[in-house]
Each structure stands twice: as C-alpha cells, then as structure tokens.
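In our numbering, the protein residues as written are 1160 to 1458.
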Amino acid sequence: MVGAGPAPGLHGVAALRCGRFELPLTRPLLMGVLNVTPDSFSDGGRFLDPQAAIAYGRELLAQGADIVDVGAESTRPGALPVSEADEIDRLAPVVQALVRDGHPVSVDTRRPAVMRRVLEWGADMINDVGGFCSDEAVRAVRGGAAACCVMHMRGDPLTMQQAPVYRDVVGEVRAVLQSRVQALLEAGVDRARIVVDPGIGFGKTLSHNLQLLAALPVLAADGYPVLVGVSRKSMIGALTGRGPHERLAGSLAAMLAAVARGARIVRVHDVAASRDALTVWESIGRTQSWDASTSAPTV
Ligand code: HH2
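Here it is, written out as structure tokens:
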C-alpha cells in the first residue's frame, strides 16, 4: 500500500515542480475544485461572481487544499463549449487574485491561448483535460516551470459518453498518456513538471472507471505522479443511487481507494472532509504494525 512516506517509482522525483512551488510528493496532495461556470454538474453557477469565486478559492485553501484548480468551462458529459473570450474573462479576476495570494493555482483548460494567458498571470499548473493533444498546447507550456496535468479523454465532452468502447481500457489509456508525456518531454518539459490522470468519467463507462481505479498501480509504475478526480462523479451516483450533492461518502471512499493504489494528487470538491479522511488514512499508514501481545504500536 502506498501511504505517507517516500513515493516509490517516481523517477526519483520527490517533489512536483509546480510553477513557483515544489510540492512534496511524500504524501497525497489535495486539489480543490473551483468552477467559475454556469453549468458544472455539481456546483454550476455558484461562483460565476468573481468575488464569490475568489472567496471560495481562499476557503478551499484554508480548509487544507494544496492546490486550487480553477476552471471556466464545464466538461461534464454533454456540456457545450464556452468561447475563448468568455473563458479568459471568467478566469482573469479569480486566477490573478489567487496567484497574488501566493498559493499554488492550477487552471483547468483545453485551449492553448488560455494556457498562454494564465501562465502570463502566474498560474502554477495547467490541467488539460484534453491531454495536450495538440502541438500548440505543448508549445504553450514548454517554457517555464508550470506543472502539466495530462488527462486522458476519449472524444470530447459533447459526445464522450455515447457508448465508449475499449478493447483493453487500462492498456489503451496508459498508451495515450505515455505518448502525450513523450511529446511534452521531447518539447523540453522537465519530467518533474508532469502529472498523469486516467480521466475518470471522460469517455468511460462505470466498468471502465472501476477497471482504471483498480489498475492505478499500473499507471503509477510509469513513474509520474497520478492525479485522480472522482469527486461527486456519476460513477459514485451509479454505485450508490445518489444525486451529485449526496455523494460525499462515496467520493471519500473512492478517493481513499485511489490513494491506496498510488494516486498522489486527488481532485475534490469537499476539501475539509477529504483532508480529514486523508489525515486519518495517513496516520494509520504511518503505523507500520501492531503487536497484539503488548497491545501497543511497535512503530
Ligand atoms: N474532472 C473534471 C474536470 N476537470 N481534471 C482532471 N485532471 N481530472 C478530472 O477528473 C477532472 C478534471 C470534471 O469535474 P468538475 O470540474 O466538477 O465538473 P465540470 O467539468 O462540469 O465543471
């Protein structure tokens, strides 16, 4: 089990280079979700007002988020794309204020022009759910020090859940991630800046999602920190029969299952509850064994 302590198999990389920060990978990192969108599946419309969004970003950090991930385009299944200008306008006040605060800020975007703009503002990480699949996206991030999250998505948000088919979902997702990582490396991106993500719910059925989560050690063995986002997603709804706002318990269980299988960054909506769950999980992980004869921890 992967717990608190050294991160095995990370090419000897002990920390993620994340813009202005070096984030230690010796314990799982929490990424808090801040959607500046009208239509996100679980919190759409709550933070369209920039001041409300900035205040909520600060609250996520105060609750224990290591990184805030700001997104201005919903990628829920069936979502319509937002214009580039609207995406930039929504992001500008929020990203600039949170960067000024001096905390790690990630931006969830698929657009190279948006990547370039937020990097000028000082964003520390680009979270591309499109997996840097265009040369332009790779060029946008190759200089500088921002971390790059390479996520796997089959198709695009409008169509991705229309009966996705894989012969070997783990092998195919892994091969795509490897080829996009290779493109980043060849463009000169330092390996310490790269994170991979199987893209739970992005062009995958429930069975695909479960197989990918079960096989996280296979993805982690490639040597890049694995990010997993499963918080409130429809797979939790499918397993529990609950709506997006009733999925906390299921989301926490999935998060812990993911970190137990090697995820080093978890993307969550409910930061305070996730922080508590991780704290308890890590404390147990640090306690190596239990000697029943003395009823005392031996380590
Ligand atoms: N999931 C969502 C968005 N961005 N990024 C990464 N790296 N991994 C994920 O699993 C992931 C992601 C979807 O969740 P959410 O942002 O809450 O919803 P919406 O896309 O509707 O805004």
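Note that beta-carbon positions come from the ideal geometry of N, C-alpha and C, so glycine has one too.
#1: Quick one: Cα of Pro1197 to Cα of Gln1447, how far?
#2: Give the straight-line distance between the Cα atoms of Gly1281 and Arg1434, rounded to the nearest whole angstrom.
#3: At the level of alpha carbons, what is the spacing between Ala1166 and Val1355?
#4: Taking only runs of the alpha helix (DSSP H) that begin and end inside the region 1188 to 1234, which ones reach a length of at least 4 residues, in chain order?
#5: Take Ser1338 as the anchor and find which of Gln1370, Asp1294, Arg1326 has the nearest alpha-carbon.
#6: Select from Leu1411, Val1385, Arg1205 the residue whose C-alpha is nearest the C-alpha of Val1172.
#7: Please identify the residue among Ser1242, Glu1243, Ser1265 whose C-alpha is closest to the C-alpha of Val1253.
#8: Between Gly1289 and Arg1275, which are expected to be in contact by the criterion C-beta below 8 angstroms, what is the C-beta distance as a whole number of angstroms?
#9: Can you tell me which residues form a DSSP beta bridge with Pro1323?
#10: Per DSSP, Leu1372 forms a beta bridge with which residues?
#11: In the DSSP assignment, what are the bridge partners of Ser1442?
#12: With the cut-off set at 8 angstroms, would you say Val1297 and Leu1365 are in Cβ contact?
#13: Would you please state the rounded distance, in angstroms, between the beta carbons of Asp1267 and Val1229? I believe it to be under 8 angstroms.
#14: Can you tell me which of Met1414, Gly1347, Arg1217 puts its alpha carbon nearest to the alpha carbon of Ile1359?
#15: Name the one or two DSSP bridge partners that Ile1424 has.
#16: Check each candidate in Glu1279, Ala1304, Ala1214, Gly1402 and name the one with the smallest Cα separation from Glu1181.
#17: So that I know if they touch, is there some Cβ in chain C lying closer than 8 angstroms to that of Gly1237?
#18: Nearest to Val1332 by alpha carbon, out of Arg1352, Ala1299, Asp1381, Glu1345?
#19: Going by DSSP, what residue range makes up the alpha helix (DSSP H) through Ile1247?
#20: Can we count Thr1364 as close to the ligand HH2, meaning its CB is less than 7 angstroms from some heavy atom?
#21: Which word fits Leu1175, buried or exposed, when buried means at least 16 other C-beta atoms lie within 10 angstroms of its C-beta?
#22: Should Ser1233 be counted as a contact of the ligand HH2 given a C-beta to heavy atom distance under 7 angstroms?
#23: Just mark Arg1326 as buried or exposed, buried being the case when its beta carbon has 16 or more other beta carbons within 10 Å.
#24: With C-beta atoms as the reference, is Gly1178 less than 8 angstroms away from Met1284?
#25: Report the residue from His1404, Pro1316, Glu1232 whose alpha carbon sits nearest the alpha carbon of Val1241.
#26: Taking the alpha-carbon positions, what's the Leu1411 to Asn1194 distance?
#27: In this structure, what does DSSP give as the bridge partners for Leu1175?
#28: Consult DSSP for Ser1293 and reduce its assignment to one of helix, strand or coil.
#29: Buried or exposed for Thr1318, please, with buried defined as at least 16 other CB atoms from any protein chain shown within 10 angstroms of its CB.
Once the coordinates are examined:
#1: 46 angstroms
#2: 26 angstroms
#3: Since pLDDT at Ala1166 reaches only 49, below the 50 mark, its modelled position is unreliable, and no value is offered.
#4: 1209 to 1221
#5: Asp1294
#6: Val1385
#7: Ser1265
#8: About 15 angstroms; that fails the 8 angstroms criterion.
#9: According to DSSP, which records beta bridges pairwise, Pro1323 is partnered with nothing at all.
#10: Answer is none; Leu1372 lacks a bridge partner.
#11: Paired residues: none, contrary to the question.
#12: no
#13: 7 angstroms
#14: Met1414
#15: Leu1188, Leu1386
#16: Ala1304
#17: No chain C appears in this structure, which consists of one protein chain only.
#18: Asp1381
#19: 1243 to 1260
#20: no
#21: buried
#22: yes
#23: exposed
#24: yes
#25: Glu1232
#26: 20 angstroms
#27: Leu1182
#28: coil
#29: exposed
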